[in-house]
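Visitor: Take the sequence shown: its letters are residues 1 to 320, numbered as in the UniProt record's numbering. Before I ask anything, here is the structure I am working with.
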Amino acid sequence: MNLVICLLSTRRFLTAAQIALTVPGYEHDPSDPRDHEAFQRKFERDKAELRELGVPLETGTASIFDQEPGYRIAQREYALPDILLEPDEAAAVGIAARLWQHAGLAAAASSGLAKLRAAGVEVDPQATLGVEPVVTVDPAFGPLTSAARDRRAVTFKYRVPEVDEPSVRRLEPWGVVCWRGRWYVVGHDRDRNAARCFRLSRIVGDVKATGRPGAFTPPEDADLIKHVAVSSGPIARTGRATVTVRPGRAAGLRRLASEIVPGPEGDRLTISYGDPEWLASRIAGYGPDARADGPPELRDAVIQHLKELVTRYELPAVAR
């Protein structure tokens, strides 16, 4: 997307060297043959992807004196046709943008809205139609999606419930997917020489990229969701939670409830669950509109989740 924005912002043909100085992610040392070769591979891959998507990428030179070819996108061919949205449709687009922003993908949301505005569509990102999107991602989400995009191996520490100390994993990430409200990374485990999936919430510390981009090629027929589903197996919903929500709020929790009883402090929901951490993250996402009354394992999980959110997003103290 950064490459598209760069090539759309000028009518001149830009050389690969000029693009490398402008587009984030293309930084490299031209004097280092291996580093420059890695950039060229990435640039060629991105150009091929743009053409596959139908982006009208043109090749030419800015003047007769230029020896190196340049690139640009023909704006007249790239422009979107007129899009007519009803007020509720435009509001839905605004909700989607806020959802992505909550998920830590504000750049993608902004670029999507920019395309719509370029087509003359006025979109209100603050419109909610009475619905407040609640989407959170784990800190490992960004580094893993970047590594999967660049086809770069990573290392991280991973904790499983049965073991106290986390172990180091070396992975070639194919992609990150959401399954049953949890984010997972799927890829090739180098130590086990097999495909594996890892829950992002169990990754301890930072995800570190290793090696150079383009170090591996994911299998073309890889079904990431299916892989996670098979690895996770069925969930036995043996737990029963009691949750109090404000009247008219927390629609997502209401859909999970098997029973709803109005009360003086709010509506009391009964929810069956199998994974207390999953339900705790859903409850915490509604802030003051939802309260976990029991059982204790669920209350503790909600409290821990809120503490982690505070630690993750609190602003550093201002020096006096």
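Here a beta-carbon is modelled for each residue, glycine too, at the ideal position from N, C-alpha and C.
What separation, rounded to the nearest whole angstrom, lies between the Cα atoms of Val245 and Leu3?
Guide: Near 46 Å, if we compare the C-alpha coordinates of Leu3 and Val245.
Visitor: State the start and end residues of the unbroken beta strand (DSSP E) segment that holds Ile271.
Guide: Run containing Ile271: 266 to 273, per the beta strand (DSSP E) assignment.
Visitor: Closer than 6 Å by C-beta to Ala153: which residues in its own chain qualify, once you throw out the five before and the five after it? Chain order, please.
Guide: Once the five neighbours on either side are set aside, the close Cβ partners of Ala153 are Glu172, Thr210, Gly211, Ala215.
Visitor: Under DSSP, the beta strand (DSSP E) around Glu58 begins and ends at which residues?
Guide: Here the beta strand (DSSP E) through Glu58 covers 57 to 60.
Visitor: Among Arg190, Trp183, Asp221, which has the Cα closest to the Cα of Ala229?
Guide: Ala229 has its Cα closest to that of Trp183, out of Arg190, Trp183, Asp221.
Visitor: Out of curiosity, what's the CA-to-CA distance linking Gly287 and Pro264?
Guide: Each residue's alpha carbon lies about 19 Å from the other.
Visitor: Look up Arg182 in the DSSP assignment and say whether it is helix, strand or coil.
Guide: Here Arg182 sits in strand by DSSP.
Visitor: Is DSSP giving Gly175 helix, strand or coil here?
Guide: Three-state result, Gly175: strand.
Visitor: Helix, strand or coil: how does DSSP classify Gly205 here?
Guide: Gly205: strand per DSSP, three-state reduction.
Visitor: Using alpha carbons as the reference points, say which of Gly60, Arg190, Thr155, Pro219 lies closest to residue 401.
Guide: The structure shown does not extend to residue 401, since the chain is modelled only from 1 through 320, so no value can be given for it.
Visitor: Would the segment 243 to 263 and the segment 191 to 207 be scored as touching if the rule is three or more Cβ pairs under 8 Å?
Guide: As far as the Cβ criterion goes, the segment 243 to 263 does not touch the segment 191 to 207, which means the pair count is below three.
Visitor: Considering only residues of the same chain and omitting the five flanking positions on each side of Gly294, which have a CB-CB separation below 8 Å?
Guide: Closer than 8 Å at Cβ, skipping near neighbours: Ala241, Thr242.
Visitor: Ignoring anything shorter than 4 residues, give me the alpha helix (DSSP H) runs that lie fully in the segment 214 to 246, in order along the chain.
Guide: Segments of the alpha helix (DSSP H) lying fully in the segment 214 to 246: 224 to 232.
Visitor: Provide the residue span of the alpha helix (DSSP H) that contains Ser146, from first to last.
Guide: That run of the alpha helix (DSSP H) goes 141 to 150.
Visitor: Where does Arg159 sit, in a helix, a strand or coil, going by DSSP?
Guide: Note: Arg159 maps to coil in three-state DSSP.
Visitor: Quick one: using the 10 Å Cβ neighbour count with 16 as the cut-off for buried, is Leu14 buried or exposed?
Guide: Buried is the call here.
Visitor: Excluding the 5 residues preceding and the 5 following Val261 in the sequence, name in chain order all residues of the same chain whose CB lies nearer than 6 Å to its CB.
Guide: Once the five neighbours on either side are set aside, the close Cβ partners of Val261 are Arg268.
Visitor: CA-CA distance, Asp189 and Gly248?
Guide: Those two C-alpha atoms are separated by around 46 Å.
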